[in-house]
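Colleague: Chains as they are written, first to last, in the numbering used here: chain A, 1 to 249; chain B, 1001 to 1482.
Glycine included, every Cβ here is placed at the ideal spot set by N, Cα and C.
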Amino acid sequence: MLKIENLKAEINGKAILKGLNIEVKAGEVHAIMGPNGAGKSTLANVIAGKEEYEVTGGSIELNNEDISELAPEERAHNGVFLSFQYPVEIPGVSVTNFIKTAINETRKAKGLEDMPAKDMLKMIREKSELLEIDRKFLSRSLNEGFSGGEKKRNEIFQMAMLEPKLAILDETDSGLDIDALRIVANGVNKLKSKDNAVIVITHYQRLLDYIVPDFVHVLHDGKIVKTGDASLALELEAKGYDWIKQELV
Amino acid sequence: MSKYTEEQLEEELKTQEYKYGFYTDIESDTFPVGLNEDVVRAISKKKNEPQWMTDWRLEAFRIWEKMEEPEWANVHYEKPKFQDIAYYSAPKKKPKLNSLDEVDPELLDTFKRLGISLDEQKKLANVAVDIVMDSVSVATTFKKTLGEKGIIFMPISEAIQEHPELVRKYLGTVVPTTDNFYAALNSAVFSDGSFCYIPKGVKCPMELSTYFRINEGGTGQFERTLVVADKGSYVSYLEGCTAPSRDENQLHAAVVELIAMDDAEIKYSTVQNWYPGNKEGKGGVYNFVTKRGLCENNAKISWTQVETGSAVTWKYPSCVLKGNNSVGEFYSIAVTNNHQQADTGTKMIHLGKNTRSTIISKGISAGKSQNSYRGLVQINSRAENARNFSQCDSLLMGNECGAHTFPYIETKNKSAQIEHEATTSKIGEDQLFYCNQRGIDTEKAIALIVNGFSKEVLNKLPMEFAVEAQKLLEISLEGSVG
Ligand SMILES: Nc1ncnc2c1ncn2[C@@H]1O[C@H](COP(=O)(O)OP(=O)(O)OP(=O)(O)O)[C@@H](O)[C@H]1O
Ligand SMILES: [Mg+2]
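#1: Is any heavy atom in ligand 2 found nearer than 7 Å to the beta carbon of B/D1343?
#2: Return the CA-CA distance between A/I124 and A/N104, expressed in angstroms with no decimal places.
#3: Give me the DSSP bridge partner(s) of A/K118.
#4: Over the uninterrupted alpha helix (DSSP H) stretch that includes B/E1059, give me the two end residues.
#5: Quick one: is the Cβ of A/E171 within less than 7 Å of any heavy atom of ligand 2?
#6: Figure out for me which residue from B/K1412, B/T1304, B/Q1221 and B/A1311 has the closest Cα to the Cα of B/A1469.
#7: Under the three-state reduction of DSSP, which class applies to B/D1192: helix, strand or coil?
#8: Using a Cβ-Cβ distance cut-off of 8 Å, determine whether B/L1473 contacts chain A.
#9: Let's see if you can read the secondary structure: which residues bound the alpha helix (DSSP H) around B/G1323?
#10: Hey, quick one: how far does the alpha helix (DSSP H) through B/V1040 stretch, first residue to last?
#11: I'd like to confirm something about B/Q947: is its beta-carbon nearer than 7 Å to some heavy atom of ligand 2, or not?
#12: Starting from the Cα of A/K3, find the closest Cα among A/K14, A/A15, A/E129 and A/K25 and give me that residue.
#13: Quick one: Cα of B/T1177 to Cα of B/V1033, how far?
#14: Going by C-alpha distance, which of B/K1300, B/T1358, B/G1352 and B/M1463 is nearest B/R1382?
#15: Quick check on A/A171 - is its C-beta less than 8 Å from some C-beta in chain B?
#16: Shorter than 8 Å from the beta carbon of A/S141 to some beta carbon of chain B?
#17: What's the gap between the Cα of B/Q1417 and the Cα of B/N1385?
#18: As a quick exercise: from A/V88, A/L219 and A/L232, pick the residue whose alpha carbon is nearest that of A/P35.
#19: Checking the sheet assignment: what are the DSSP bridge partners for B/Q1272?
#20: Could you tell me whether any non-hydrogen atom of ligand 1 is closer than 7 Å to the CB of A/T202?
#21: Given that a residue counts as buried once 16 or more other Cβ atoms are within 10 Å of its Cβ, and exposed if not, what is B/K1455?
#22: Does the beta carbon of A/S174 fall short of 7 Å from some heavy atom of ligand 2?
#23: Buried or exposed: B/T1308, going by 16 or more other Cβ atoms within 10 Å of its Cβ?
#24: To the nearest angstrom, how far is it from the Cα of B/G1277 to the Cα of B/I1440?
#25: Where does A/M123 fall in DSSP's three states?
#26: If you check the beta carbons only, do A/K190 and A/V198 fall under 8 Å apart?
#27: Do you know whose CA, among A/K152, A/S139, A/F157 and A/T101, lies nearest A/K127's CA?
#28: For B/G1375, report the span of its beta strand (DSSP E) as first-last.
#29: Determine, for B/I1146, whether the minimum Cβ-Cβ distance to residues of chain A falls below 8 Å.
#30: Mapping DSSP to helix, strand and coil, what is B/I1026?
#31: Mind listing, in chain order, the continuous beta strand (DSSP E) runs of no fewer than 3 residues lying wholly within the region 1376-1415 of chain B?
#32: Going by alpha carbons, who is nearest to A/A117 out of A/A109, A/I99, A/A76 and A/E129?
#33: Can you have a look at B/F1406 and say buried or exposed, based on whether 16 or more other CB atoms are within 10 angstroms of its CB?
#34: Please list the residues of the region 1053-1067 of chain B that have a C-beta atom closer than 8 Å to any C-beta atom in chain A, keeping them in chain order.
#35: Could you check the C-alpha separation between B/T1219 and B/T1054 for me, to the nearest Å?
#36: In three-state terms, what does DSSP make of B/N1451?
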């Protein structure tokens, strides 16, 4: 699904990713952990194609196709989805209108007609039930005045609607209360299949109790410095990152 | 000036013809350029107007001659040369076209991009609504249905013939000829426009609409619109325009007067899309408009406008809240791109008791454009318990454009409650990336964000008009980033 080799990226001349490798196969769940400022969100943004970041080396392949030259919307059309650490507000644009536009623009890119309103409505109903989202919520302006947790839940709602191949969840758990965490994690699990893959970026083991990863990676100073199974997350929770940093020296 | 008989006029016109190379070609008949009393008389005569009308125009002309062109708006442009404009241009007698193939392709393209249905394109191209092509109304529809309710809706030139008593009674009562430079000019030379009268207690069953379009290179447009809603009546009036590209600056100085008598309501919606000039700022229409409505007791006037066109726009639809409990509303979206300049806003003049006004202004600037909101809220001494709420939001795209807000508040009554809110925001890279990440390209993302920003105003437009206006916003901001 996703294959990243020796990826180097910088922003404003400052190197952030310094030769990063990761491979994610269809059907897998990967967790990426690592200290603040390590470059986790940068990696997510670079995969999604944010233009402020300059890729100075390496490659990003999605389903054996190099996507590093594609515009962000084209990557999205190819099935990349990013649940933002800090979702932005778009005043006056309702959640429904936004997601409708997103779906139809993606369909247009694939040469398909707009999704019939009836189907759209059905899908909205299903997915909002899955994530226990109040319908009134969908008429509100996107993320405007949403609580931290509401924003995150709305991200996963969009993911559910867009049915991506590769979903990257950047700290989706931060800001969620205990019940919301369970609901959102269940939602993600229900959407998982053998044909798609999920990368969860998190600081806490807690989320991984629900979304059980096949692999856990530690990102430090722009590189993946350690990879293990789910138990690595428990170890990190217990011991912090210092021992890994020391191993590196 | 001494008495001036028809024969004398004709005589003089003949000599003028010679002098100026007066011509009437087959395509359109256009007066020679320049303005003087004879031209004013000639316009009046051409339209077969009664003497009172001719006199009214002449008086306006004499006032105009003594006036100075205003300088105070926050816009900069090369002043039109008033003696280089032809003041009258009748439309080509438009043949009924057999198919859309015969229509000006540029106009069709605009229609298409606006998402106007094929049927409607046909109607628009060969007239089903009261279309003002150049200066004279080419046709009027709905007349019969409206006639049954006693509603009068016709070109003002016809109204002068058929309902002189009504026109004479109300024309210039809201915007006097002395009001301002452009209003005086319009009064002297207005070529056509619309007249609408809704009788007592009648709710007009349909949206009344006109499509304005500038057609002849070099002809100024001087539309005159007069809407009179008698006691307890209601009317929703739509005015829209599309124009094909022009290379020459064109002056447009319209006057719109609305009169809402006791308990009447007028909704006046405008979508304005005149040629804004090219990317370098060359060409484009100068739009200097005077729009004002008068509210009697318990009456209500709402101005809703979407302004995307013109090189220079100078426009302040206003309400004079004369009657007690009367209500004035102004909802505006003004988009400027490239080198466009807009100085728009409103005036709410509170005279009566318990009068209320609402102002919602959304300015969107892109490119190197300048967008100013200028609003006056005036509470007079007798206006007990007047209330106003104003909200002016500006959205900037890029670093080279400007947004300016000039709210003026004059209060002579202590009981007044006035609230003013203003915000300025920018379309952020983060917002665009967020949309891109969801599969929405930047062009579409901007349209989405702009529509969201403008929503409160778009919602005030009649349904079909709102859809058209949304598309127009998209088109006018095309290529504004990247
Ligand atoms: N626009 C920018 N200009 C300069 N430095 C930046 C910019 N954006 C990010 N950085 C820096 O890049 C580094 C990596 O940031 P990133 O957001 O990827 O970290 P992170 O691993 O996601 O951290 P956190 O766990 O706090 O979310 C940080 O040192 C950050 O300050
Ligand atoms: Mg981060």
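Modeller: From the atom records:
#1: B/D1343 has its CB no nearer than 7 Å to any heavy atom of ligand 2.
#2: The alpha-carbon separation between A/I124 and A/N104 amounts to approximately 14 Å.
#3: Note: A/K118 is not bridge-paired with any residue in the DSSP secondary-structure output.
#4: Run containing B/E1059: Q1051 to E1065, per the alpha helix (DSSP H) assignment.
#5: True, at least one ligand heavy atom lies under 7 Å from that Cβ.
#6: Here the closest residue by C-alpha is B/T1304.
#7: In the structure shown, B/D1192 adopts extended strand secondary structure according to DSSP, grouped into three states.
#8: Output row for B/L1473: interface = no.
#9: Counting along the chain, no alpha helix (DSSP H) covers B/G1323, and no H or E run does either.
#10: Where B/V1040 is concerned, the enclosing alpha helix (DSSP H) stretches over E1037 to K1046.
#11: Chain B is shown from 1001 up to 1482; residue 947 of chain B falls before or after that span and cannot be answered.
#12: Closest by alpha carbon: A/K25.
#13: When rounded, the separation of the alpha-carbon atoms in B/T1177 and B/V1033 is 23 Å.
#14: Nearest option by C-alpha distance: B/G1352.
#15: Here residue 171 of chain A turns out to be Glu, not Ala, going by the sequence shown. No, A/E171 does not count as interfacial toward chain B.
#16: At least one CB of chain B lies nearer than 8 Å to the CB of A/S141.
#17: B/Q1417 and B/N1385: Cα-Cα distance of roughly 7 Å.
#18: It is A/L219.
#19: The partner list for B/Q1272 (beta bridge, DSSP) reads B/E1307.
#20: A/T202 Cβ: outside cutoff for every heavy atom of ligand 1.
#21: Buried, since its Cβ has 16 or more Cβ neighbours within 10 Å.
#22: No heavy atom of ligand 2 is found nearer than 7 Å to the CB of A/S174.
#23: The residue in question, B/T1308, is buried, as its Cβ has 16 or more Cβ neighbours within 10 Å.
#24: Here the C-alpha atom of B/G1277 lies approximately 29 Å from the C-alpha atom of B/I1440.
#25: It is helical.
#26: No. Outside cutoff.
#27: Ranking A/K152, A/S139, A/F157 and A/T101 by CA distance to the CA of A/K127 puts A/F157 first.
#28: From DSSP, the beta strand (DSSP E) with B/G1375 extends over Q1370 to I1379.
#29: The displayed chain sequence assigns Leu, not Ile, to residue 1146 of chain B. When Cβ-Cβ separations below 8 Å define contact, B/L1146 makes no contact with chain A.
#30: With a pLDDT of 28 at B/I1026, under the threshold of 50, the predicted position of this residue should be treated as unreliable, and no value is reported.
#31: Look at the region 1376-1415 of chain B and you find these whole runs of beta strand (DSSP E), each 3 residues long or longer: 1387-1396 and 1402-1411.
#32: Answer by Cα proximity: A/I99.
#33: Residue environment analysis places B/F1406 among the exposed positions, since fewer than 16 neighbouring C-beta atoms fall within 10 angstroms of its C-beta.
#34: With the criterion set as a beta carbon lying under 8 Å from some beta carbon of chain A, the region 1053-1067 of chain B has no members that meet it.
#35: Low confidence applies here, because B/T1219 scores a pLDDT of 44, under 50, leaving its location unreliable; read the following figure in that light. C-alpha separation (whole angstroms): 21 Å.
#36: B/N1451 falls in the helix class under three-state DSSP.
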